[in-house]
Structures are given as C-alpha cells and as structure tokens.
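Q:
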Amino acid sequence: MSFVLRRTVLTFVAAASVAGAGLVHAQASAPQAPAVSTAASGGTVAELQQLLAQKRLTELRTTYNGDYGTSLLLVNEDTTAYVALSYRKELWRVYKFASVAPAEGAYETLASQTRTWAEDDLRRAVTAGQKAQLEREAQAAQQRAASLSEEVRIMQAQRRKMLTEQQTMRQETKALDIERRAYQAQVESLQQQIRLLEKQLNDPHWSPTPSTSGQGL
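This is how it looks when you write it as structure tokens:
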C-alpha cells in the first residue's frame with residue numbers, strides 16, 4: 002500500500018477511535034503481490050470469513066479492478082462495517098469499522114487504489130492480446146508467403162519447361178527445314194530430268210547420239 006493509502010486508512014482509524022466507535026482492527030501494511038494460500042489467515046480476515054459463513058453480512062458494494070476486488074460489507078445486527086480487499090477472488094486484507102461512514106471512505110480510497118494496482122494487469126492483458134493477435138497474423142502471413150513461394154516455384158518450373166520445349170521445337174524445326182530443302186532440291190532435280198526426258202520422247206527429230214566406242218575398227 003502506498004504512503005497516501007496508509008495515511009488515509011490510519012486517519013479513518015483515528016477518527017473512529019475519537020468517536021468512540023471502537024475500531025477493532027485495520028491492517029495498514031503496504032500491499033504486496035499476495036500469496037493467496039497464506040494471506041487469509043487470522044485477525045479480521047478470519048473474523049470476516051466466519052461472519053460470511055454464518056451469513057451475517059450484507060454486501061453493500063463491490064468493485065473489481067483486474068485481479069483485485071474491494072467490498073463494503075455491513076453486519077446485519079449492528080452498525081459494524083468491513084472493507085475487504087481480495088486478490089483473484091481470495092480475501093487478502095480486511096479493515097473493520099464501527100460505522101458505515103468511515104468504511105465508505107476507506108472503500109472509495111481502496112477501490113481507487115486497486116484501480117492503480119490493476120493498471121499493470123490491464124497493460125499485461127492488452128499486451129498479451131496484442132501479442133496473440135500479432136502471432137496469428139504472423140502465422141497467417143507465413144502461410145501466405147509459403148503459398149506464394151510455392152506458386153512462384155511452380156511458375157518458374159513451368160517457364161523453364163516451356164523455354165526448354167521451345168528451344169527443342171526450334172531445333173527440330175531447323176532440322177526439318179534442312180531436310181525439307183534437301184527434298185525440295187531433290188524434287189526439283191528430278192522434275193528437271195523428267196521434263197528433259199519427256200522432251201526427248203516427244204521430239205520426232207531427236208535421235209540418240211551414236212556411240213563412238215567402235216570407231217577405228
């Protein structure tokens with residue numbers, strides 16, 4: 002508990018004593034992060050727990066700030082009031098007052114103080130939420146990047162295959178063109194021979210040239 006809160010609670014205690022209210026107990030130690038298993042033991046904590054078990058209390062107000070709770074409770078058969086601090090639903094500190102008026106002041110002060118204490122819890126919760134959201138976004142982005150990378154890999158593989166096929170096709174086309182031109186030259190040569198032979202056959206004046214191999218005999 003901060004110095005301001007400690008001074009405020011002690012002021013309530015002094016005021017109740019002067020008025021003859023007979024304050025039984027008010028814990029004014031500085032609040033630390035409570036060990037729940039041991040905090041609710043002895044003194045006004047045990048007293049309040051007994052009254053709660055006996056159902057002799059009326060809960061007037063309760064405020065929660067993060068893991069901290071502040072409750073104002075009134076004993077049913079008299080004017081005794083309690084202000085209880087809880088941490089994660091477990092009693093932590095209990096302040097006893099002879100009347101409601103000083104208890105209300107202590108309640109407001111402690112409720113305001115728990116709001117300050119809960120700021121770290123709130124920041125942690127917000128940060129944890131942001132971290133979880135960013136973690137999900139990072140996972141989604143990673144999956145998207147992996148998917149796009151796979152698409153790029155497939156596209157590049159297809160492009161390489163296409164280029165290879167195009168190169169092979171060009172080579173085959175070139176080879177076919179060479180063969181085509183060779184056959185074309187052969188056909189033209191044969192057609193020329195055919196025309197010459199046809200001309201010879203259709204020419205009545207044509208006669209084969211006598212062979213000179215037998216001259217001189």
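Sequential numbering from 2 applies to the sequence shown in this note's numbering. C-beta atoms are modelled at their ideal positions from N, C-alpha and C, and glycine is treated no differently. Since we're looking at a predicted model, the values are computed, not measured.
1) Roughly how many angstroms separate the alpha carbons of residue 86 and residue 116, rounded to a whole number?
2) Can you give me the C-alpha to C-alpha distance between residue 96 and residue 124, rounded to a whole angstrom?
3) Out of curiosity, what's the CA-to-CA distance linking residue 83 and residue 98?
4) Given that a residue counts as buried once 16 or more other Cβ atoms are within 10 Å of its Cβ, and exposed if not, what is residue 94?
5) If residue 57 sits next to residue 91, beta carbons under 8 Å apart, how far is it from one beta carbon to the other, in whole angstroms?
6) What residue from 128, 66 and 49 has the CA that sits closest to residue 74's CA?
7) Please specify which runs of the beta strand (DSSP E), each continuous and at least 3 residues long, are wholly inside the region 40-66, giving them in chain order.
8) Who are the near neighbours of residue 60 in its chain, counting only those whose CB is closer than 7 Å to its CB and skipping five residues on each side?
A: Looking at the coordinates:
1) 12 Å
2) 29 Å
3) 6 Å
4) buried
5) Not confirmed; about 20 Å, so no contact.
6) 49
7) 58-66
8) 72 and 74
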